[in-house]
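Written below as structure tokens is the structure these notes are about.
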Amino acid sequence: MYAAVLHEFGGIPRFDTFPEPEPRDGEVLVEVTAAALTPLARWVASDRDFSRGREVPFICGTEGIGRREDGSRISFGVSRAPFGTMAQYAVAPERFCTPIPDEIDDVTAAAVMNPGLSAWSALTWGTKLAPGETVLVLGATGVAGRTAIQVAKLLGAGRIVAAGRDEAALATLGEYGADLTIALGQSDEDLGDAFREAAGDAGFDIVLDYLWGRPAQVLLDALPRRFMISSETRYLQLGNSAGKEITLQAGALRRTGVTMGAGTPPPIEFICDLHATVLGHAASGLVRVDTEPVPLADISPAWRREVRGRRLVVIP
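Dropping the structure here:
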């Protein structure tokens with residue numbers, strides 16, 4: 001079969017031939033119809049620590065859409081090494097296969113799964129969003145950030161603040177549910193003032209950070225400073241596209257009542273239930289992602305591209 005095959009960690013996958021997988025007990029064979037090119041797929045291919053013990057060569061892709069042998073449409077994930085989802089065929093654990101509503105096409109389903117699961121898990125399992133709370137999304141103009149805004153709205157957030165680097169995209173985020181936007185391209189001083197004004201005396205209940213780097217550092221220095229704190233800021237670190245490191249003074253954490261981390265992974269059963277939830281809301285149009293289909297044969301040039309605001313979806 002043909003697949004997106006990685007021959008070297010940190011390299012570019014190639015359109016290449018690869019042995020077709022044979023399902024083992026508890027697995028199903030899937031004819032793949034769409035697989036999103038996600039940040040997670042890139043991390044697995046670029047960093048051995050993210051590869052879950054995979055050795056090259058292996059097929060790229062961590063989740064996909066396809067058809068079982070009986071013709072039924074499913075979303076699936078966690079393909080057994082060395083197989084992945086950017087191929088004509090994949091294998092997947094039976095328990096990670098979720099039926100797809102007829103109302104959603106394969107490309108949309110593939111695009112929404114990763115950001116939808118990430119945001120829904122972060123706001124329910126990770127931070128336990130309560131109705132009426134204030135949510136700040138750092139990196140709101142990307143696919144993950146836009147999806148997080150929509151999910152926060154669906155889950156009952158009282159106020160959603162969206163911070164991003166693309167000012168043209170920021171202007172559209174009210175359509176997704178943002179109540180206030182902050183442009184990250186301004187000076188540190190002005191950005192800090194903007195964060196402080198948006199936080200007010202109560203601060204942010206939840207921060208979903210897809211950026212890290214400079215935006216995170218300015219934000220943490222700008223959070224309300226008080227020693228008598230009535231509520232904490234639950235800060236979930238989800239990405240580092242703006243930088244891998246920050247300089248953080250200890251006092252910034254002690255004064256602001258921040259709890260920070262990536263959270264503990266939810267149980268498998270929770271994730272499987274979320275698959276159906278995300279697909280259902282996407283099918284009804286309540287969660288939407290802009291997409292761009294690309295042929296599997298074009299995986300190398302597609303991998304090299306920097307695309308913002310929409311998700312590339314590989315079509316075998």
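Going by full-length UniProt numbering, the first residue of the sequence shown is number 1, and it counts up by one from there. Even for Gly, the Cβ is constructed at its ideal location relative to N, Cα and C.
May I have the straight-line CA-CA distance separating residue i from residue j, to the nearest angstrom?
i: residue 5; j: residue 166; result: 33 Å
i: residue 78; j: residue 61; result: 9 Å
i: residue 294; j: residue 42; result: 16 Å
i: residue 220; j: residue 137; result: 14 Å
i: residue 132; j: residue 153; result: 10 Å
i: residue 245; j: residue 25; result: 43 Å
i: residue 3; j: residue 65; result: 15 Å
i: residue 180; j: residue 298; result: 39 Å
i: residue 204; j: residue 217; result: 15 Å
i: residue 52; j: residue 44; result: 8 Å
i: residue 102; j: residue 114; result: 20 Å
i: residue 182; j: residue 172; result: 12 Å
i: residue 250; j: residue 187; result: 23 Å
i: residue 296; j: residue 15; result: 7 Å
i: residue 211; j: residue 70; result: 42 Å
i: residue 185; j: residue 169; result: 13 Å
Leaving out five residues before and five after residue i in sequence, what residues of the same chain have Cβ atoms less than 8 Å from its Cβ?
i: residue 1; result: 17, 18, 19, 20, 87, 88, 89
i: residue 282; result: 104, 108, 109, 112, 116, 288, 289
For the alpha helix (DSSP H) holding residue i, just list the boundary residues, first then last.
i: residue 295; result: No alpha helix (DSSP H) contains residue 295, which is instead part of the beta strand (DSSP E) from 291–295.
i: residue 191; result: 188–199
Let's see if you can read the secondary structure: which residues bound the beta strand (DSSP E) around residue i?
i: residue 302; result: Looking at the DSSP string, residue 302 is not in any beta strand (DSSP E); the run it does join, the alpha helix (DSSP H), is 299–304.
i: residue 311; result: 311–315
i: residue 180; result: 180–183
i: residue 307; result: Element bounds for residue 307: n/a, residue is neither H nor E.
i: residue 6; result: 2–6
Grab me the residues of residue i's own chain with a C-beta within less than 7 Å of its C-beta, minus the 5 sequence neighbours each way, in chain order.
i: residue 46; result: 9, 10
i: residue 32; result: 64, 66, 85, 87, 88, 89, 90, 316
i: residue 94; result: 26, 27, 28
Take residue i and list the residues in its own chain whose beta-carbon comes closer than 6 Å to its own, dropping the five residues that flank it on each side.
i: residue 348; result: Absent from the model: residue 348. The displayed extent of the chain is 1 to 316, so no value can be given.
i: residue 121; result: 266
i: residue 213; result: 242, 243
i: residue 135; result: 152, 157, 160, 206
field: contact_flag[the stretch 116–130, the stretch 231–240] where n(CB pairs < 8 Å) is 3 or more
entry: yes
- prompt: Do the stretch 264–272 and the stretch 237–250 meet, that is, are 3 or more Cβ pairs less than 8 Å apart?
  reply: no
- request: Can you check the stretch 13–99 for any alpha helix (DSSP H) of at least 4 residues that lies completely inside it and give the ranges in chain order?
  value: 39–46
task: Assess, as a yes-or-no matter, whether the stretch 305–315 is touched by the stretch 27–42 under the definition of 3 or more beta carbon pairs within less than 8 Å.
output: yes
field: Runs of alpha helix (DSSP H) lying entirely within the stretch 91–172, each at least 4 residues, in chain order
entry: 106–121, 143–154, 167–170
- prompt: In chain order, which beta strand (DSSP E) runs of at least 3 residues are fully inside the stretch 201–278?
  reply: 206–209, 233–237, 258–261
field: Segment contact, 8 Å Cβ cut-off, at least three pairs: the stretch 139–154 with the stretch 173–191
entry: yes
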